[in-house]
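Peer 1:
If you want it as structure tokens, here you go:
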């Protein structure tokens with residue numbers, strides 16, 4: 473978004489906005505223009521400092537839903553593959569994790585690119601009890 477004005481909305485699935493030494497990456501320091509969705513894992517997270525700085529510096533709409541019972545790998549292909557080996561990734565059912573991620577990303581881009589708001593990102597929803605919002 474910072475490098476190409478044609479990109480008008482963005483999503484981060486549990487990705488860091490800090491370097492290994494803890495310093496902020498440019499988007500966290502400078503923010504971005506336009507709406508941005510930050511979807512995170514459950515519990516205390518190392519994304520906190522970067523995400524907090526990013527949300528404070530970003531001029532557009534932001535939301536930060538968190539998936540209860542998820543781990544970082546829940547946001548990768550491992551969410552569907554690893555449980556088949558008998559190794560759980562958190563306590564969130566893998567099918568629920570994938571379904572919720574798809575719904576969040578689709579809702580976000582529908583809202584900001586197609587002007588279709590299904591209100592999933594307005595706050596906690598009985599449709600997705602595994603999703604909580606960080607203020």
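Residue numbers (our numbering): 473 to 607. Cβ coordinates follow ideal geometry from the N, Cα and C atoms, glycine included.
1. For residue 522, which residues of its own chain have a beta-carbon under 8 Å away from its beta-carbon, when the five flanking residues on both sides are left out?
2. Do the segment 526-533 and the segment 559-572 meet, that is, are 3 or more Cβ pairs less than 8 Å apart?
3. Pick helix, strand or coil for residue 505, following the three-state DSSP scheme.
4. Rounded to the nearest angstrom, what separates residue 594 and residue 492 at their Cα positions?
5. For residue 554, which residues in the same chain have their Cβ closer than 6 Å to its Cβ, ignoring the five residues on either side in sequence?
6. For residue 542, which residues in the same chain have their Cβ closer than 7 Å to its Cβ, ignoring the five residues on either side in sequence?
7. So is residue 511 buried or exposed if we call it buried at 16+ other beta carbons inside 10 Å?
8. State the start and end residues of the unbroken alpha helix (DSSP H) segment that holds residue 581.
9. Identify every residue that forms a DSSP beta bridge with residue 599.
Peer 2: Let me lay it out:
1. 488, 489, 490, 496, 497, 500
2. no
3. coil
4. 33 Å
5. 561
6. 513, 514, 562, 564, 569
7. buried
8. 566-585
9. DSSP, once it has assigned bridges, lists no residue as partnering residue 599.
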